Amino acid sequence: MSVSPNADALLILLGSTASSLRRARLRAAFGGLLVAAGTCVLVARLAALAGLPPDALDAAQWLAAILIAVTAAGAFAWAGRPVPRDEAARRLDRHHALRDALSSAAAFLDRPAPEPLERLHITRAAGVAARLTVPRVAVPDRAWMMAAAVLWGALGLWHVLSSATVSPAPDLVLAQERQTRSGDATRASLPAGSGQQARADSASTEIVDSVHRPAMPGPSAPGDAPVSPRSGDAGAPNRDGGPAASSLPAAAPGADGGAPSGPSGSDAVAAREDLARALSALFDDTADRPDDTVSQNGVGLPPSKRPRRVESPRGGSEAGRTHLAVDDRPGALQGEVARIRQDGARGGSLPLPPSHGRWLPSGATPDDARRAMPAPASLGAEGGAAAPAGRESLGEEEGAFDPVDGPLPTVVAVKPTAETAPPGRPGRRGERRGDPVPTTFERAAVPLRVITAPGPPGRESARDAVRTEPALTPALREYALYVNRSQAR
Amino acid sequence: MNIAALEAQVQDFHDRFHAARTALATMIVGNAAAIEGVLTCLLAGGHGLLEGVPGVGKTKLVQSVAEVLRLRFSRIQFTPDLMPGDITGTTMLREDAAGGRVARFEPGPIFAHLILADEINRATPRTQSALLEVMQEASVTVGGVTHRLDPPLCVLATQNPIELEGTYPLPEAQLDRFLFKLGMDVPGLDEMRAILDRTTSSDTVQLQEVLDRDHVLAMRTLARGVPVAPSVRDYAILVALGTQPQSGYAPERVKRFVRFGSSPRGAQAIILGAKVRALTHGRVHVAAEDVRAAALPALRHRVLLNFEGEAERIDIDALIGGVIAGVPEPSR
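Now the structure itself:
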């Protein structure tokens, strides 16, 4: 209908604006979809950082997928709707500050018989429309697209910055090489003929043996030799009064064909491998660290991405924190793991009180840690812990220290984050001041690298990481959880 | 009617309105909104209630309007002893030519074009109610006979918000019949200077007559014909409904402090005032800004606060402003 000679100009303008609005809607829909997808990615990453359990993460991913699908469907359905003429006119009014002139004219155009003043207004609006150009009515979609660009840019930056913390899981060959190199280096660094070198030899043999040997049914496997030569000390009770710790994994393939309460053969193999890794690393103070371990512990990362700085009592003090100092002698560690497993087999509750550890106050020095360690006699008596492998060859009594080597260093056990080299500490090879230094346990067992939890720093995330890490053997997982809980007390 | 003639009418409306406003401004210093509101009431076919403290020029404004528009003017000073018959007129016995006696209606002062109801709240409700029929139907019924009043009819009432002793607040039904309630502000420093210069010297201000009755009637007809788009009409409706606490469109503040909101007359007043305003701005369609400008004077006397609102001394203008701000504009 043409109510005035110039009304066609108004109709053409409104039609063009409607087309422009549809295109703008399409862009807005695409932008909204990008924003929805980016938000889902952001939420998923935040959920992963928060340490949600895997099933919750799966549910969140499904929810995000559904949200994106619904958003896409709704957005494109909205974009595909025809744009009413009055809506286009209102947009033009707002764009040109025409004070509802074009929208009113569009409304009057739809009337079957416009009144005289309505026709006058249509004529006026058509005259205005003839002078107008179709603007790019795209403020909303610009906002959406800008929001999407900012969101995705931030996500990309985050991804680039955080990708350095992700490294592939170690494979068996890498683990073997690392452990063998670690053992060799340790052996070379020890005094020739000392008890420590003998222990290192024994540990290295066990490591290589455990890596090359497939998991066989434990009790009948000929290679299932006891980890510790003192594993036959079945009479040494542990602190809880239970059976001797050495009767668990080591005594199983013994003369009696396996204790009824002991672990299965595969468990024994796993326990032996765990202990072998731990043993090798306990002598590994001077060993070179693999690159991937370094990256796991934050070396090479920007300072904001590095793990929280925690100093070891060995290297100095840590302000405001107290750590559990754990006797890292092989026998003690073996006894600890065995005792935990034994207690678990009896239905006992974890964690057990630390039998080989002491709390050290903040500011503790290595000497404080040494003094805080249990006496050698009590160590053997209360824990039932087997003496280190080399000690029997020296003919020492159970739990006695090597008079030549002196007390072994006391170390901080498993911690959720890597240590960092304290200021003033003599740098190790490849380390700089302030660089993260892996804990003994991280060096001890390669799979323990995953203790660098993906979530925010804290014991909960570390515990979750320990629980869910498939590379951890049950024994190491138990021990890690135990130490973690003990430190939390 | 062709488009060119309509254009001329619209332009004439615009020019005459501004001429009247300019003429009134030579007599009334300041209070431009009140001047424009009075003219809007007159051209929209409604009545106005002027409120202000004594001495701000309420009566002078109405007298000036009558003079500028060359309308038949009548002033009624409302007092407590004023009777309805004193306003509407009464039937009196008269002697005819034959010497007989006949009952004849003597029109009261209400029979005029522009009526100044001065201090309307000083009369009793019975007398105030005499204006109800006049303001709504433009007629007077006396002795069973209805007398039509000659258009244009505009009642401009004044009241003093301070002196409450011996006054009778206008009932809601009476208030609802006023199109606008306009406030007269106390003049400021510059305005006081101008007032003193004009009123204390030997020079007298001569008002210019710019309109007459026919002009006013034509302008009323034109204003009534201004079209309103449905979206703008709905915007005005939502604003009016927003003052009703029982409606779903009222904001929380209205629900808490308001006892009664605007009646449908409020929405009518908004649209009528917006139409006149659109023409005064040279437009032949009502825009949202016209609705916003007309909403406050059209609604402020139609909103009654509840006890809590009175106790909290809620400012009704601010309350209505919140309602207007809360209603989405039709262009959004």
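Protein sequences, first through last, are from chains A and B.
The first sequence lines up with residues 1 to 489 when you count with this note's numbering.
The second sequence lines up with residues 490 to 821 when you count with this note's numbering.
Here a beta-carbon is modelled for each residue, glycine too, at the ideal position from N, C-alpha and C.
From a predicted model like this one, the values you see are computed outputs, not experimental measurements.
Verify the CB distance criterion: does A:Thr123 have a CB-CB separation below 8 Å to chain B?
So yes, A:Thr123 belongs to the interface.
Exposed or buried, what is B:Pro716 when buried is set at 16 or more other beta-carbons lying within 10 Å of its beta-carbon?
With at least 16 other beta carbons inside 10 angstroms of its own, B:Pro716 counts as buried.
Mind pulling the chain A residues with CB within less than 7 Å of B:His774?
By Cβ distance, chain A contributes Asp100, Ala101, Ser104, His121.
Between the alpha carbons of B:Ser553 and B:Ala606, how many angstroms are there, rounded?
Roughly 15 Å between the two C-alpha positions.
Boundaries (first-last residue) of the beta strand (DSSP E) holding B:Leu581
Note that residue 581 of chain B is Met in the sequence shown here, rather than Leu. Unbroken beta strand (DSSP E) run through B:Met581: 578-584.
Does the beta-carbon distance from B:Thr711 to B:Leu768 come in below 8 Å?
Going by the sequence as given, residue 711 of chain B is Leu instead of Thr. The Cβ-Cβ distance between B:Leu711 and B:Leu768 falls below 8 Å.
For B:Arg781 versus B:Ser752, is the C-beta spacing smaller than 8 Å?
Their beta carbons are not under 8 Å apart, which means B:Arg781 does not touch B:Ser752 by this criterion.
Which one of A:Asp8, A:Ala28, A:Asp58 has the shortest CA to CA distance from A:Ala77?
The shortest Cα separation from A:Ala77 among A:Asp8, A:Ala28, A:Asp58 belongs to A:Ala28.
Since B:Asp607 is in the beta strand (DSSP E), which residue starts that stretch and which ends it?
Run containing B:Asp607: 603-607, per the beta strand (DSSP E) assignment.
When you compare each of B:Gly771, B:Ile726, B:Thr568 to B:Phe841 by their alpha carbons, which one comes out closest?
Absent from the structure is residue 841 of chain B, since the part of chain B shown begins at 490 and ends at 821.
Contact check, A:Leu33 vs A:Ala72, beta carbons under 8 Å:
Closer than 8 Å, so yes.
Contact list for B:Ala814 against chain A, beta-carbon separation under 9 Å:
Neighbours of B:Ala814 on chain A: none; closest Cβ ~17 Å, over 9 Å.
Length of the line joining the Cα atoms of A:Gly127 and A:Leu10
In a straight line, the C-alpha of A:Gly127 is about 8 Å away from that of A:Leu10.
Whole-angstrom Cβ separation of B:Met673 and B:Lys547, contact assumed at under 8 Å?
Contact between B:Met673 and B:Lys547 is confirmed by a C-beta separation of about 5 Å, below the 8 Å threshold.
Applying a beta-carbon distance threshold of less than 7 Å, which residues of chain A neighbour B:Val715?
Residues of chain A whose Cβ lies closer than 7 Å to the Cβ of B:Val715 are, in chain order, Leu117.
Can you tell which of B:Arg564, B:Val499, B:Tyr724 has its C-alpha closest to the C-alpha of B:Leu645?
Cα-wise, what sits closest to B:Leu645 is B:Arg564.
With distances taken from CA atoms, which of A:Gln61, A:Ala60, A:Leu57, A:Ala36 is nearest A:Ile68?
Looking at the Cα atoms, A:Ala36 is the closest of the given residues.
Neighbour-count burial assignment, B:Met708, 16 or more Cβ in a 10 Å radius
Flag for B:Met708 reads buried.
Rank B:Met572, B:Thr732, B:Phe594 by C-alpha distance to the C-alpha of B:Leu582 and give the top, closest one.
The shortest Cα separation from B:Leu582 among B:Met572, B:Thr732, B:Phe594 belongs to B:Phe594.
Does DSSP classify B:Phe796 as helix, strand or coil?
In this structure, B:Phe796 counts as helix in the three-state DSSP scheme.
Which residues in the same chain have their Cβ closer than 7 Å to the Cβ of B:Arg802, if we skip the five residues on either side of it in sequence?
Close CB contacts of B:Arg802 within its chain, under the 7 Å cut and outside five residues either way in sequence, are absent.
Let me see if you follow: with CB-CB separation under 8 Å, is A:Ala107 close to chain B or not?
At least one CB of chain B lies nearer than 8 Å to the CB of A:Ala107.
Would you decide whether B:Phe459 is buried or exposed? Buried here means 16 or more other CB atoms lie within 10 Å of its CB.
Outside the shown range of chain B (490 to 821) lies residue 459 of chain B, about which nothing can therefore be said.
Contact set between the region 700-727 of chain B and chain A, restricted to residues whose Cβ is under 7 Å from the partner:
Residues of the region 700-727 of chain B whose Cβ lies closer than 7 Å to any Cβ of chain A, in chain order: Gly714, Val715, Pro716, Ala718, Pro719, Ser720, Val721.
Compare the C-beta of A:Asp86 against all C-beta atoms of chain B and say whether one is closer than 8 Å.
By this cut-off, A:Asp86 is an interface position.
Going along chain A in order, which residues have a C-beta closer than 8 Å to the C-beta of B:Leu761?
Those do not exist, as B:Leu761 stays about 15 Å from chain A at its closest Cβ, beyond 8 Å.
Please state whether DSSP places B:Arg637 in a helix, a strand or coil.
Three-state result, B:Arg637: strand.
Is the beta carbon of A:Thr17 less than 8 Å from the beta carbon of A:Ala88?
Pairing A:Thr17 with A:Ala88 gives a Cβ-Cβ distance under 8 Å.
Validate contact between the region 612-622 of chain B and the region 520-529 of chain B using beta carbons, cut 8 Å, 3 pairs
Contact between the region 612-622 of chain B and the region 520-529 of chain B is absent, because fewer than three Cβ pairs lie under 8 Å.
Give the straight-line distance between the Cα atoms of A:Leu98 and A:Ser104, rounded to the nearest whole angstrom.
Taking the straight line joining both Cα atoms gives about 10 Å.
Identify, in the order they occur along the chain, each residue of the same chain with its Cβ nearer than 7 Å to the Cβ of B:Ala756, setting aside the five sequence neighbours on each side.
Around B:Ala756: Ala725, Ile726, Ala729.
Return no unless some Cβ of chain B is closer than 8 Å to the Cβ of A:Arg467.
So, not an interface residue.
Residues of chain A with CB under 7 Å from B:Leu495, in chain order?
By Cβ distance, chain A contributes Pro116, Leu117, Leu120.
Express the C-alpha separation of A:Leu92 and A:Arg23 in angstroms, rounding to a whole number.
Rounded to whole angstroms, A:Arg23 to A:Leu92 spans 15 Å at the Cα level.
Taking C-beta pairs closer than 8 Å, name the residues in chain A that B:Pro819 reaches, listed in chain order.
Simply Arg90, Asp100, Ser103.
Cα-Cα, which of A:Leu14, A:Ala7, A:Thr39, A:Asp8 is closest to A:Phe148?
With the sequence shown as reference, residue 148 of chain A is identified as Ala, and Phe is not the correct amino acid for it. Looking only at A:Leu14, A:Ala7, A:Thr39, A:Asp8, the smallest Cα-Cα distance to A:Ala148 is reached by A:Thr39.
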